[in-house]
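The numbering used here applies: residue 1165 is where the first sequence begins, and numbers increase by one.
Just so it is clear, CB atoms sit at the ideal spot from N, CA and C, and this is done for glycine as well.
Please read these numbers as outputs of a predicted model, since none were measured by experiment.
First the structure, in the form of structure tokens, and then the observations on it.
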Amino acid sequence: MSSLVHVRCEDGKSQTLPAGLSAREAYQRIKGEVPADALAVKINGIPRDWNTIIEEDATLEPISFASPEGKEIYRHSSAHLMAQAVKECFPSANLTIGPPIEEGFYYDFAFERSFTPEDLERIEQKAKALIEADLPITRHEMSKTQAIELFRQRGERYKVELLEGIPDDTVSLYQQGEFVDLCRGPHVESTGRIKAFKVLSSAGAYWRGDERNPMLQRIYGTSFPSQEELDAHLAKLEEIKRRDHRKLGKELDLFSIQEDIGPGLILWHPKGARVRLVIEDFWRIQHLRRGYELVYSPHIARLDLWKTSGHLDYYRENMFAPMTVESSEYQLKPMNCPFHIMLYKTHLRSYRDLPIRYGELGTVYRYERSGVLHGLLRVRGFTQDDAHIFCRPDQIAQEVKQVLEFMTEVLRTFGFENCEMYLSTKPDKAVGTDEQWEQATLALATALQETGFAYEVDPGEGVFYGPKIDVKIRDGLGRLWQCSTVQIDFNNPQRFGLSFIGEDGKPHQPIMIHRALLGSIERFFGVLLEHYAGAFPVWLAPVQAHVLPITNKQHDYACAVAEQLRQAGCRIELDLRNEKVGLKIRDAEKAKIPYMLIVGERERQAQSVAVRKRNGQDLGTMTIAEFRDLVRQDEPPVLRGATLSE
RNA sequence: GCCGGCGUAGCUCAGUGGUAGAGCAGCUGAUUCGUAAUCAGCAGGUCGGUGGUUCAAUCCCACUCGCCGGCUCCA
């Protein structure tokens, strides 16, 4: 064995060193010092502890919190720290697992009761004391048998169970003080490396995520390298709460969900409905211009239709129970596709007719388990902006490409510039031939490439009837939301025996493409509401301006202003209350009205309005016609002065 | 569905084993006012629902409905 190794640092500096040094020592010898923010080190590209012994030639690259790996290590060590605190406060709690997650970490414990807020406070204090103690974190490798014995002695039965499932003979443990956890690592060097630590919440979670398993007590927490960063993160959490669409929906009187109506069922109030109408008008105009036929279908249909479509077999758990009418069974629709298929079948189709694109704002009802309902984002009755494209296999790529372009245009209009695309391929359980899958998947990939979108492949995540593209949009707070989806379907054309007559005069089977741009109107509305924090852009705002007379001497004029603007298609409200303008402005501001039109004696004389924006900006006075043009400017071109009947 | 928390006036919330309060909103009156709160008065609740314990329940107990957080991110 060579006693010398060649070690290179991330910047290319290298040195030949005796084997057996730790990564930290080696790095120090070459570079003089290890950066203060280096949590761990990549050795030949693999994250490791700083005290890993170097036995072979290696390249070293420090990992800081700035990198995804660094965050993971930091949060993972934080999870251990919290687990140590829990074990010290509650020795009878059993350890299970504790991974880092997106903005923090959690650790699951088996404990005889739930943790109370007081417990969490105590745990946080204990963790802070352990940070203060700056305990070294050390790695120990041992045989699996030894590890099992160790955890058995400590009464950690879940750890024993985990170990029994590990195929390797050797496992690694990490220790800090009395605390020992089974862990692959790496970790930071000591508990003192964790600077700002916060316990956030607790909740029940099933062991291994399976509801047949016992319920564990999960504690969530987060940590950052500085108090400032932690504070910023907590402020962001507050901001998320402030923007919660459920809160805004109530404050702005947009919608409600009422116990007497039923969970997951949305009641659209006039203001919410106005926004929805604008969204839907925009949607309809766009679809008509892009070669879609708009259709309507009923909310219930004979159960047999759902047998043919396969929903009864594959989707039953998400459907409301059927109802019996005149001794036939009917089913509330969970999807619109069977209706569009039946529409296709009303005529004999030629290859010249394809593609046929049916679009519908179709309201569907799905049974969702009570615990998963969430405001407008997860409901039991919602309206899909659905469309089904029937085309020849060779038209898939072209059609999908058009859908993607259409989708980005629509999303951009609503203020979503960034999205992420995922291509999901054939799952284990699937219908259709391998050839069909390959052809369709390739068509999707081609469409993505031709439109120039970066995308990730989700292997095996396709629906059983075909591959799909899912699109997630990023909102104002950087959160991702699944809205658009494009799915290829070989299954339904076959089940329903769809055909078109080809050039050869023989029947062929069309391909069906399911697609939604907004996903569901309810969900999209919720996302939009949070994205804009309730302050809709002018073209979407339920009320675009308040007319605020200063005294009752201007009431007649204010009414005339409002009436003229309404006739011009603006959404205007009058505030004739016997109050000072200051209060009227304050109230309009709270209601997030984009414009305030203040009319006093001067404006009445000049037949003008003084325009104030909701951000406080004063646009000065202008005529009513000028203001109307100002509002128009904010509308997407397609809607500008457009009507559905044109 | 499961675990935990919560449910009091239109809204936000306080409160107690002896049948309830505040602020805002609402209504009435006064004020006629120039860019984020004028003043005064009035009215408003079967304390989510059902059942039980008790002389007495909004409060304690059980059930139920609903809401909130969480429930596949391999130690």
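- Beta-bridge partners assigned by DSSP to Gln1613: none are found.
- The beta carbons of Arg1778 and Lys1756 sit closer together than 8 Å.
- Counting only the Cα atoms, His1710 lies some 15 Å from Leu1783.
- Ala1187 is not a Cβ neighbour of Thr1223, given a cutoff of 8 Å.
- Around the C-beta of Val1621, fewer than 16 other C-beta atoms lie within 10 Å, and the residue is accordingly described as exposed.
- It is roughly 26 Å from the alpha-carbon of Pro1713 to the alpha-carbon of Val1439.
- Cβ-Cβ distances below 6 Å link Asp1739 to His1710, Leu1712 and Lys1748 in the same chain, with the five nearest sequence neighbours on each side left out; the list follows chain order.
- Secondary structure at Ile1312: helix, using DSSP grouped into helix, strand and coil.
- Taken in chain order, the complete beta strand (DSSP E) segments of 3 residues or longer contained in the region 1772 to 1800 are 1772 to 1777 and 1782 to 1787.
- Per DSSP, Met1499 has no beta bridge partner at all.
- Distance between Ala1611 and Cys1647, taken at the CA atoms: about 19 Å.
- If you check the CB distance, Met1246 and Ile1287 come in under 8 Å.
- Measuring C-alpha to C-alpha distances from Glu1799 to each of Leu1704, Arg1776, Gln1310 and Thr1787 identifies Leu1704 as the nearest.
- Distance from the Cα of Phe1446 is smallest, within the candidate group Gln1381, Arg1576 and Pro1255, for Arg1576.
- For Ile1749, the uninterrupted alpha helix (DSSP H) segment begins and ends at Val1745 to Lys1754.
- Comparing C-alpha distances from Glu1353 to each of Glu1313, Asp1598 and Ser1242 shows the shortest one belongs to Ser1242.
- In chain order, Leu1467 and Pro1486 place their CB closer than 6 Å to the CB of Glu1493, counting only its own chain and leaving out the 5 sequence neighbours on each side.
- For His1719, the enclosing alpha helix (DSSP H) starts and ends at His1719 to Gln1731.
- Per DSSP, Gln1559 is not a residue of any beta strand (DSSP E), being assigned neither H nor E.
- For the 8 Å CB-CB criterion, Val1198 and Glu1225 do not form a contact.
- Across the set Gln1613, Tyr1619, Thr1572 and Pro1631, the C-alpha of Pro1631 shows the shortest separation from the C-alpha of Trp1601.
- Taken through DSSP and simplified to helix, strand or coil, Leu1168 comes out as strand.
- Between Arg1407 and Ala1697, the C-beta gap is smaller than 8 Å, which places the two residues in contact.
- One thing to note: Arg1776 has its Cβ no nearer than 8 Å to the Cβ of Cys1734.
- A check of alpha carbon separations from Ala1230 across Phe1269, Glu1393 and Gln1559 identifies Glu1393 as the nearest.
- Taking Asp1634 as reference, the option from Pro1671, His1678 and Gly1669 with the minimal CA-CA separation is His1678.
- Between Phe1419 and Ile1404, the C-beta spacing is not below 8 Å.
- Spanning the alpha carbons of Val1627 and Leu1181 requires a straight line of approximately 55 Å.
- Between the alpha carbons of Met1571 and Met1585 lies a gap of roughly 12 Å.
- If you keep only unbroken beta strand (DSSP E) runs of at least 3 residues inside the region 1188 to 1233, you get 1202 to 1207, 1210 to 1212 and 1222 to 1228.
- In terms of Cβ geometry, Leu1644 and Tyr1619 do not form a close pair [threshold 8 Å].
- If you check the CB distance, Arg1556 and Leu1518 come in under 8 Å.
- Ala1680 is positioned such that its CB atom lies no closer than 8 Å to that of Gln1559.
- Under the 8 Å Cβ criterion, the region 1375 to 1388 counts as touching the region 1263 to 1276, having at least three qualifying pairs.
- Counted as a single uninterrupted DSSP element, the stretch harbouring Arg1516 is not any beta strand (DSSP E), since DSSP gives it neither H nor E.
- For His1678, the uninterrupted beta strand (DSSP E) segment begins and ends at Ile1675 to Ser1684.
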